[in-house]
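Below is one structure; the comments refer to it alone.
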Amino acid sequence: MTRTLVKDALAADSPRDSILIQGWVRTRRDAKEFSFLEVNDGSCLRGLQVIVDAALPDYAHIHRAATGAAVAVRGRLVESKGAGQKWEVAAETLEIVGECPGEYPLQKKGHTLEFLREIAHLRPRSNLFGAVFRVRSRLAYAIHRFFQEKGFFYIHTPVVTASDCEGAGEMFRVTTLDLAAPPRTKEGGVDDARDFFGKPAFLTVSGQLEAETFACALSNVYTFGPTFRAENSNTSRHAAEFWMIEPEMAFCDLQGDMDLAEEFVKALITDVRANCAEDLAFFAKFVDKELLTRLDFVLERPFERLPYDDAVDLLQKSGRKWEYPVERGQNLQAEHERWLTEEHFKRPVTVFNYPKAIKPFYMRANDDGRTVAAMDVLVPGIGEIVGGSQREERLDVLRENLAAHKLSEKDYWWYADLRRFGTVPHAGFGLGFERMLMFVSGVANIRDVIPFARTPGSAEF
RNA sequence: UCCCGAGUAGCUCAGUGGUAGAGCGGUCGGCUGUUAACCGAUUGGUCGUAGGUUCAAGUCCUACCUCGGGAGCCA
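For the first sequence, our numbering begins at 2 and goes up steadily by one.
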């Protein structure tokens, strides 16, 4: 007999004489003549109620069907006599596939998120984490769907990179050298030439530069993969390993870049809203009461587009006391971003044309000589969710930028080549996958939207 | 890395210098078309670690560890 997923059984439109359900017992309630089992298989939030009659031979081992036990139930799908569910299974056989002893840490009652993090191998069996990771899967699918339907090509940029690119953050070194006794140069330093790649290698912090090369060939491309930052960041919004989406478009300027970012964010919300309704309703009930209102609010109106200079003016005239002073030329602080998006505009805000000095070398210089064609999308509750720019396509300006950032043109020879051979205006952005998932789920800590979070001092599992 | 807060039973917490507690969970029994079931009994502790103050420390002090919140860095 083939297995029926709980999700499909719950959606049945008529009774069935024969059904096989396999899953894990969430709870058991014993009566004198029969027991109720709630069986969940992760296919959806809800479980399926199973009635095991005391007259069944298998009832002899009903006590082994404890919370957490894996079971296989064969029986009939019938309309439930009780309130609370339409369908239930009248068991004919109950097989205990895997027992679950009393020290199983997941109780029926609530646990704190902090405790569940310590049992990350079991937490997907909880309602909340089941929902989070179903939505995570759907969100990933929605991302591919969005780009594929627009004719973007999915590029797999390398995870191991030998170019210390971009200064996007501290990098993890990848090496096969013996750390206790590394080969030495004549001068006494570590001889990187004898490392695996013949030079120092690292885990990638961004696929952007490589994606640019493919945009300058296939026109519209995107990456979607893991990235790594060895920053000692201890916040609810940072992880050492996270996933990032980076579209890159040839023949595109900052305007087109901002348009795509807004369309993209809205498309993802729309998709999850339509396809994960039950899980989102769960988040709205138990995690963040305002979730659905906020998501719909974002969908309904255009993002505010605000030049950096205007943002500074607004902040200075706000009458607010800032912990960090607002000055032209300085980066916007978390408190400033929050005020703009949560208090002043009450919607996502796209800030653009940032000061040149606080942005990386690859961003395109504006004609004013002091700003670059950069943009950040700020959303309520999360802050920066998208960071992007039009890229500098003029070889001479790029060279000046490299020099100004004290970077060697020699290390970026292939990147500069794009400007030498058929250069073209192009633009792109990066969107943090986990931050987007936090936004659509209302879950406040990045550690709770990653299956197994890697943060400073923590790489269990 | 900096600032703040918290570490007491498997989990969530109470205990403000004088005999270590509750609810939940687990176990046993009872009851009920139950559904975070209910009722009774029972089980369960090196009070994060190491020092110190005191007649006496879960409680006060110091250091460290872990976790959380905020900040910086960023996505």
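Beta carbons are placed, not taken as given, at the ideal position from N, Cα and C, and that holds for glycine.
Counted as a single uninterrupted DSSP element, the alpha helix (DSSP H) harbouring A312 occupies residues Y309 to K318.
The beta carbon of K200 sits closer than 8 Å to the beta carbons of A163, D193 and A194 from its chain, once the five residues preceding and following it are set aside; these are given in chain order. Look at A445 here: in three-state DSSP terms it is coil, with no helix or strand label. Collapsing the DSSP output to three states places R135 in a helix.
Contact check for R420 against L438 fails: the beta carbons are separated by 8 Å or more. One alpha carbon belongs to A358, the other to G370, and they sit about 11 Å apart.
Taking all protein chains shown into account, R185 has fewer than 16 neighbouring C-beta atoms within 10 Å of its C-beta and is therefore exposed. Burial is judged here by how many other beta carbons sit within 10 angstroms of a residue's own beta carbon; L300 has fewer than 16 and is exposed. Along the stretch 139-179, the alpha helix (DSSP H) does not occur as any fully enclosed run of 4 or more residues.
Contact check for Q50 and E39: beta-carbon distance about 6 Å, within the 8 Å limit, so the pair qualifies.
Where A251 is concerned, the enclosing beta strand (DSSP E) starts and stops at E242 to A251.
Rounded to whole angstroms, the Cβ separation of E263 and F304 is 5 Å, and the two are in contact under 8 Å. Within the same chain, A240, F243, W244, I447, V450 and I451 come within 8 Å of E435 by CB-CB distance, once the 5 residues on both sides are set aside.
DSSP lists A251 and R392 as the beta-bridge partner residues of H427. By the Cβ criterion, the stretch 102-122 is not in contact with the stretch 143-151, since fewer than three pairs of Cβ atoms, one from each stretch, lie closer than 8 Å. Below 8 Å, enough C-beta pairs join the stretch 331-340 and the stretch 315-323 to call them touching: three or more.
Restricting attention to V266, K290, V175 and E93, the CA atom closest to the CA of R302 is found in V266. Excluding the 5 residues flanking it on each side, F148 has same chain C-beta neighbours closer than 6 Å at Y223, in chain order. Apart from the 5 residues on each side of it in sequence, E393 sits with its Cβ closer than 7 Å to the Cβ of Y363, M364, R365, A366, L399 and N402 in its chain, given in chain order. Taking one beta carbon from each stretch, the stretch 172-187 and the stretch 207-214 have fewer than 3 pairs nearer than 8 Å; the two do not touch.
Between P426 and C217, the C-beta spacing is not below 8 Å. Within the stretch 168-236, the runs of alpha helix (DSSP H) that reach at least 4 residues and sit entirely inside it are, in chain order, 209-219. If you check the CB distance, R30 and N41 do not come in under 8 Å. In this structure, the alpha-carbon of F130 lies about 42 Å from that of G330.
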